[in-house]
Amino acid sequence: MDAVTFVEQLGAANQDILDRLAPAETLVAESGGDLRLENLLKIALKNELEATELAARWLISTDDVDIKLALARQAGDEAKHYRLIDEHLRELGVDLRGFDPLVQGYGPLFNYLDTLTDPAERIAAGQFTREAIAVVKNQQFIEWCEANGHQATADLYRHTIQPDEAYHHRLGRDILLRLATTPEAQERASQAATRTLELAEELQHLALTKMGVHHAPGC
Ligand SMILES: [Fe+2]
Ligand SMILES: [Fe+2]
224 MDAVTFVEQL GAANQDILDR LAPAETLVAE SGGDLRLENL LKIALKNELE ATELAARWLI
284 STDDVDIKLA LARQAGDEAK HYRLIDEHLR ELGVDLRGFD PLVQGYGPLF NYLDTLTDPA
344 ERIAAGQFTR EAIAVVKNQQ FIEWCEANGH QATADLYRHT IQPDEAYHHR LGRDILLRLA
404 TTPEAQERAS QAATRTLELA EELQHLALTK MGVHHAPGC
């Protein structure tokens, strides 16, 4: 199929799975976990740092100028998000001295994405799909913040971070339209997107059952 049809279908298939990432409201009460804003924002710091580093690693391991520039833009944005969230936590009175977001190492999604070498796979997984996941998770997080009186945090996400993540997804879409022109490239892109969504689902389930955490923002 042509690239436009493929990217449309991939987006629709992703959306079906993303709808499942929306947690049932009842689970909030049942989880009994630690949903404190501070912990959710510390998870966000790790996500932003991983997104920064992945974009930077891929930037230097591609020869395609458009892809380099898209990844450079993304790396800068994700680093900016890290700083903004860090400053916001300090304004909330959280002491971040000695805090290392990578103290437990990189997460399974980062480790999977880091294995990808093919441009169509990388862009389908890392930008087109991961950033779509971020948009869904951030929207849930914004709603959770607003329902729990964390308006300044909701504003930071709604007005600054969320528009950037949506832009990263669109960057991925534009590049994928150029890359996903053969059945082979489309197959690789589909499989990488599917694996990314599976990992996101597994991670969300794991966070909920092991730590009682959900509504954690994406990146
Ligand atoms: Fe992003
Ligand atoms: Fe981000």
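Residues are numbered in my numbering as their position in the sequence shown, beginning at 1, plus a constant of 223.
Where a beta carbon is used, it is the ideal one built from N, C-alpha and C, also for glycine.
In its own chain, which residues sit with a C-beta less than 7 Å from the C-beta of residue i, not counting the 5 before and 5 after it?
i      : result
Ile342 : For the sequence presented, residue 342 should be read as Pro rather than Ile. Result list for Pro342: Thr285, Asp287, Ile290, Leu402, in chain order.
Glu248 : Confidence at Glu248 is low in this model, with a pLDDT of 48, below 50, so the placement of that residue is unreliable and no value is reported for it.
Leu339 : Arg345, Ala348, Ala415
Phe229 : Ala403, Gln409
Leu268 : Tyr305, Ile308, Asp309, Pro324
Glu366 : none
Ala377 : Ile365, Cys368, Glu369
Thr352 : Asn237, Ala416, Thr419, Leu420
Leu294 : Ala278, Trp281, Leu282
At what residues does the alpha helix (DSSP H) containing residue i begin and finish?
i      : result
Gly234 : 226 to 243
Cys368 : 353 to 370
Leu282 : 260 to 283
Thr338 : 331 to 338
His391 : 385 to 402
Leu319 : Leu319 -> no alpha helix (DSSP H), and no H or E assigned at all.
Pro342 : 342 to 345
Ile378 : It should be noted that the sequence gives Asp, not Ile, for residue 378. Unbroken alpha helix (DSSP H) run through Asp378: 374 to 379.
For residue i, I'd like the list of residues in its chain whose CB is within less than 6 Å of its CB, leaving aside the five on either flank, ordered along the chain.
i      : result
Ala355 : Asn237, His392
Asp300 : Asp387
Ala530 : Residue 530 lies beyond the range of the chain shown here (224 to 442); nothing can be said about it.
Ile266 : Ala439
Grab me the residues of residue i's own chain with a C-beta within less than 8 Å of its C-beta, minus the 5 sequence neighbours each way, in chain order.
i      : result
Leu277 : Phe333, Leu336, Asp337, Gly349
Gln374 : Cys368
Val358 : Gln385, Glu388, Ala389, His392, Gly441
Gly234 : Phe351, Ala355, Arg396
Tyr380 : Asn361, Phe364, Ile365, Cys368, Pro440
Q. Any chance the segment 256 to 273 sits against the segment 232 to 244, with 3 or more Cβ pairs inside 8 Å?
A. no
Q.
Any residue with its C-beta under 7 Å from a non-hydrogen atom of ligand 1 counts. Can you list them all in chain order?
A. Ala274, Gln297, Asp300, Glu301, Glu354, Ala357, Asp387, Glu388, His391, Cys442
Q: Report yes or no: do three or more beta-carbon pairs, one from the segment 386 to 397 and one from the segment 318 to 336, lie closer than 8 Å?
A: no
Q. Touching or not, the segment 319 to 330 and the segment 361 to 379, by the rule of three or more beta carbon pairs under 8 Å?
A. no
(Q) Counting beta carbon pairs with one atom in the segment 269 to 276 and one in the segment 405 to 413, are three or more of them shorter than 8 Å? (A) no
(Q) Taking 8 Å as the cut-off, does the segment 300 to 308 touch the segment 373 to 386 (at least 3 CB pairs, one atom from each stretch)? (A) yes
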